[in-house]
Amino acid sequence: MKWNILADTVLKMDSVRRSNAAKYECLLFDMDDTLYPMSSGINLACRKNIEEFMLQHLHMEETEVPRLCLELYKEYGTTMAGLKQALGYEFDNDEFHAYVHGRLPYDVLKPDPTLRNLLLSMPQRKVIFTNADKAHADQVLSRLGLEDCFEGIICFETLNPPLEPVSHCMDVPDGDDDDDAELTAGAEANVPDCAKLSSCSRVLCKPSVEAIEAAIQIANFDPNRTIFFDDSARNILSGKAAGLHTVIVGSSTLVPGADHALTSIHNIKEALLPEIREGEEEQIEQVIQPSAVPTVVLA
């Protein structure tokens with residue numbers, strides 16, 4: 010009898026689990042330091058390349074470069090945005106990205122079959138939202154073995170097209186050509202006016218709420234049914250302001266605007282089903298708790 014009760018409880022919990030997971034129809038992921046840990050060293054190498062670009066191409070004062078690089082990043086979301094918008098530097102976006110990302114040690118990133126299986130097991134739409142350029146996004150996802158796990162990529166070129174929306178605003182790595190064409194056409198149609206009017210000096214990127222709202226419009230998802238994973242506290246706060254459910258990744262402590270905190274992206278299902286964890290443990294304990302009934306030995 011006791012085990013029948015336990016079976017019924019497990020079935021009920023499974024039903025609750027599916028119900029709670031179903032409330033999200035889209036999973037929106039930052040990429041760098043979210044899909045892989047910051048300890049990989051990619052972030053540090055990227056900053057070093059940015060500082061070298063500032064020295065070699067913009068001829069900035071060497072003693073000022075490290076401080077400016079960090080301050081502009083903190084204030085504008087990316088150092089590139091700060092260089093253009095705050096300091097008025099003009100340079101080609103593609104040349105900047107090629108210099109900064111072209112020499113990164115991508116070989117430190119290894120395939121992540123655990124994360125791949127997790128992503129493929131979840132039925133929700135899955136979209137990448139990164140401030141980086143598409144070439145970098147493609148390289149990272151390929152190295153991690155995740156290139157076919159996402160419906161599309163919202164990247165630098167998506168929000169900052171040179172003159173008009175580019176054909177890969179929402180890039181679909183694999184799949185039926187007709188489906189890809191339909192998604193691309195839909196992405197182009199949903200590019201907001203703020204992105205279409207981007208100038209060479211204006212950079213639209215996270216943590217701007219405007220950038221997040223643009224991503225919502227481009228990907229055409231309901232923010233109330235979307236959960237956003239990012240390692241940046243600033244991006245999380247802006248994501249919440251834009252109406253998204255939010256998860257800070259790489260931390261065990263909640264930050265302002267975060268609904269959940271995950272030490273690792275591998276714990277993703279904890280964010281999708283947090284409200285049943287405590288009740289689930291209590292129910293199981295109640296069902297299997299030994300009673301005071303004496304043991305009967307049949308001989």
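Count along the sequence shown from 1, then add 9; that gives the number in my numbering.
Where a beta carbon is used, it is the ideal one built from N, C-alpha and C, also for glycine.
- A straight line joining the alpha-carbon of ILE245 with that of LEU127 spans about 22 Å.
- Annotation: ARG211 to LYS93 spans about 7 Å, alpha carbon to alpha carbon.
- Residue state for HIS110 is assigned as helix, using DSSP reduced to three classes.
- For the 9 Å CB-CB criterion, LEU253 and SER260 do not form a contact.
- Taken in chain order, the complete beta strand (DSSP E) segments of 3 residues or longer contained in the region 120-152 are 134-138.
- With fewer than 16 other beta carbons inside 10 angstroms of its own, LYS32 counts as exposed.
- Contact between the region 60-73 and the region 94-108 is present, with at least three C-beta pairs closer than 8 Å.
- The beta-bridge partner set that DSSP reports for PHE238 consists of PHE38, VAL256.
- Contact between the region 135-149 and the region 102-115 is established, with three or more Cβ pairs separated by less than 8 Å.
- For GLY161, the enclosing beta strand (DSSP E) covers residues 161-163.
- Here the alpha carbons of ILE221 and PRO170 stand approximately 16 Å from one another.
- Rounded to whole angstroms, the separation of the alpha carbons of GLU80 and VAL149 is 26 Å.
- Excluding the 5 residues flanking it on each side, MET89 has same chain C-beta neighbours closer than 7 Å at PHE105, VAL212, in chain order.
- Annotation for LEU271: no alpha helix (DSSP H) segment contains it, though the beta strand (DSSP E) segment containing it runs 269-271.
- The alpha carbon of GLY154 has as its nearest neighbour, out of PRO120, ASN276, ASP101, the alpha carbon of PRO120.
- In the displayed model, ASP116 falls within a helix according to three-state DSSP.
- In the displayed model, VAL212 falls within coil according to three-state DSSP, outside both helix and strand.
- DSSP, reduced to helix, strand and coil, places TYR33 outside both helices and strands of the structure shown, so it counts as coil.
- Counting along the chain, ALA90 sits inside the alpha helix (DSSP H) bounded by residues 88-94.
- When the beta-carbon positions are compared, ALA251 and PRO232 come within less than 9 Å of each other.
- From the listed residues HIS269, ALA280, PRO75, SER241, the smallest Cα separation to CYS214 is found for SER241.
- Check the Cα spacing between LEU118 and each of ILE137, SER49, ALA141, SER130: the tightest is with SER49.
- A direct Cα-to-Cα measurement between ILE274 and ASP103 gives close to 30 Å.
- A Cβ-Cβ distance of about 7 Å is found for the pair ASN52 and ASP41, placing them in contact under the 8 Å criterion.
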